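First residue of the sequence shown: 822, per the working numbering; consecutive thereafter.
All C-beta atoms in this analysis are idealised placements derived from N, C-alpha and C, irrespective of residue type, glycine included.
In this text the structure is predicted, and so the values were computed from the model without any measurement.
Presented below is the structure to which this report refers.
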Amino acid sequence: MDVKEVLKIADRLIFTKTGKHLDDLQEAILRGTVQGQKYSKIAEDFHCSEGHIKDAASELWKILSDVVGEDVSKANFRSTMERCRFSNVSSVSSNCAKDFIQINNINLCPKPLPPPQVPEDRSGQVRNPVSPRNRVSVDDAPDIGNFYDRTQQLTILEKWIVQERCRLVALLGISGIGKTALAVQLVEQIKDKFEYVIWQSLCGKPPLAEVQKTLIQFISNQQEIELAVSAEGRLSQLIEYLRKHRCLVILDDVHSVFSNGQLAGCYEPGYQDYGLLFRRIGELSHHSCLVLTSWDKPREIAALEGENKPVRSLQLDGLDMASAREILREKGLAEEEKWEDLINHYQGNPLWLKLVATMIQDLFGGSVSEILKYDIIFLNEDLKDILNQQFNSLSELEKQVMSVLAIGPDPVSISKLLEHIQLSPAELFNAMQSLGRRSLIDKVKQGNQQLFNLQPVVRQYVKTEILH
């Protein structure tokens, strides 16, 4: 029996159990298994991690084992499929083509089985199956208007999510850097790779139970109406749907459920179960991907992420010069030869540039040189309000460190910081790590030494708002 025949038998078995045919990854695993390849080779050919291949293979063996009623593994897969081929051959079924095959209590047909019957709800009304048009629910996503080139980041994210099947991905960066805009564009680019796509904002701090209910009802096409009472039970229900279907879930503004006055990643009282959700999504095997956007890196991401792991994070920096110049051009600023200085002052942050460009139009008629001659980073009230939201979340330890960084040498090492601050090494280390997870300090490599710095806008904000 050649590879094609083996895959055909396996496909029918999988379809019998799940109602779905082999996807590209599953077919690659089974093909590689028949050809005697190691998981590492299959991973290399499929451009994903070996761990991801092992997880997907383990789930395949479990499904096949359940169908044929015996343990199926990489070692006996081909021989098991051979036995399935020559199992009890029954008479021709009215629903099947000529060579109808029966394996134990399983009926297999060379042609795909008809789709399952559309279930009825309790009223007896037939529910409409999910169609391509209502598999995507992004009403909660903002209208981002013009999108400025993030080709490199989009390429990385598509590789992680579509090719390498990452289960949990975080888009991180300071306020205004474009995390949400990138997530919106990402959804548009890869939504066709998923059965279900849903966007959920956490800006209003919805309890996790409310979010889980929304997700479960959407993925189940409104069929799941009884939710478990316990948080663990609801989480198990959600994970089961993420295993049955290939789903893309975006949780925007995750920092909204973190506590103010604490180090980065501490949840507000009553919201700690979000941490359990992120950990389970990252640890357990399933077919879906949860994408988070946040100012602060969740601690669960920090604990689970890795280059060859299904949990990753992408730190967003400012726009490249060409994209940043496009913003200033749209705002109608004059003196293009001065734009680079302005962009460097505001670190290519798209929202910051839009705010300062509007101010330059209002006060200086679009003349960039007029504001640059004052040789300061000017923070108008709109920009202050945005920064206030992020700085209000800082702990007292972090505020002390930010104050020293704002007035001290630029950049500075940990050892130099300890000479100028009244904190123990442990307190400083915790504060610095937390500020890094909030994207509020920049790292500068100088020889073998790691130095730390503040962005010009952040430095100016600390001087005027914290040290005044």
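Pick from the options that is closest to residue i, judged by C-alpha positions
i, options, result
"proline 963", "Glu1191, Gly853, Ala1004, Arg986", "Ala1004"
"glutamate 979", "Cys1110, Leu1261, Gly1169, Leu1239", "Cys1110"
"aspartate 823", "Met902, Ser1077, Gly890, Val1283", "Met902"
"glutamate 1104", "Leu1244, Gly1186, Ser1057", "Ser1057"
"cysteine 905", "Leu881, Thr972, Arg1258, Val827", "Val827"
"leucine 993", "Gln1043, Tyr1088, Leu1113", "Leu1113"
"alanine 878", "Thr1035, Asp844, Ala1178", "Asp844"
"glycine 1139", "Gly1186, Gly1096, Asp1263", "Asp1263"
"valine 855", "Glu871, Ala896, Phe867", "Ala896"
"serine 1080", "Ile1071, Gln1044, Gly1091, Val1070", "Gly1091"
Local Cβ density within 10 Å of residue i, reported as buried at 16 or more and exposed below that
i, result
"lysine 1000", "buried"
"glycine 1082", "exposed"
"glutamine 1211", "buried"
"glutamine 847", "buried"
"aspartate 1117", "buried"
"glutamate 1053", "exposed"
"phenylalanine 1273", "buried"
"glycine 890", "exposed"
Host alpha helix (DSSP H) of residue i (start-end)
i, result
"arginine 833", "824-839"
"alanine 1145", "1142-1151"
"valine 1278", "1277-1282"
"isoleucine 1228", "1217-1228"
"aspartate 1074", "It is not in any alpha helix (DSSP H) - aspartate 1074 carries neither H nor E in the DSSP assignment."
"threonine 972", "972-979"
"leucine 1184", "1171-1185"
Where the beta strand (DSSP E) containing residue i begins and where it ends
i, result
"lysine 1012", "Lysine 1012 -> no beta strand (DSSP E), and no H or E assigned at all."
"tryptophan 811", "Nothing can be reported for residue 811: it is not among the residues displayed for the chain, which extend from 822 to 1289."
"serine 1134", "1132-1136"
"aspartate 1263", "1263-1267"
"glutamine 1271", "1270-1274"
"alanine 1030", "Unbroken run through alanine 1030 is the alpha helix (DSSP H), 1029-1040; no beta strand (DSSP E)."
Cutoff 7 Å; reference residue i; Cβ partners in own chain excluding five residues on either side
i, result
"arginine 1055", "Ala1030, Gln1033, Leu1048, Ala1049"
"asparagine 1201", "Leu1176, Met1180"
"tryptophan 981", "Cys987, Val990, Arg1133"
"glycine 997", "Asn1170, Pro1171, Leu1172, Trp1173, Ile1207"
Contact under 7 Å by Cβ, residue i with residue j
i, j, result
"serine 1077", "leucine 1023", "yes"
"alanine 1145", "glycine 1127", "no"
"glutamate 805", "serine 1190", "Any answer about residue 805 is impossible in this case: the structure gives the chain only from 822 up to 1289."
"cysteine 1068", "isoleucine 1037", "no"
"valine 1265", "proline 1232", "yes"
"serine 1234", "glutamine 1270", "yes"
"leucine 1154", "glycine 1187", "yes"
Close-in-space but distant-in-sequence residues of the same chain around residue i (CB under 8 Å, 5 per side omitted)
i, result
"aspartate 887", "Lys838"
"glycine 1257", "Lys1264"
"asparagine 1251", "Leu1084, Leu1218"
"proline 937", "Because the pLDDT of proline 937 is 37, which lies under 50, any placement of that residue in the model is unreliable, and the question is left without a value."
Cut-off 6 Å between Cβ atoms - residues of its own chain near residue i, not counting five sequence neighbours on either side
i, result
"isoleucine 995", "Ser1260"
"arginine 1280", "Ala1227"
"asparagine 926", "Confidence in asparagine 926 is poor, its pLDDT being 40 and thus under 50, which makes the residue's placement unreliable; the coordinate value appears in the next sentence. Nothing listed; no residue qualifies."
"aspartate 832", "His842, Leu843"
"valine 893", "Trp882, Leu885, Ser886, Thr901"
Distance cut-off 6 Å: residue i Cβ against heavy atoms of the ligand SAH
i, result
"glycine 1139", "You won't find the ligand SAH in this model; it holds no ligand whatsoever."
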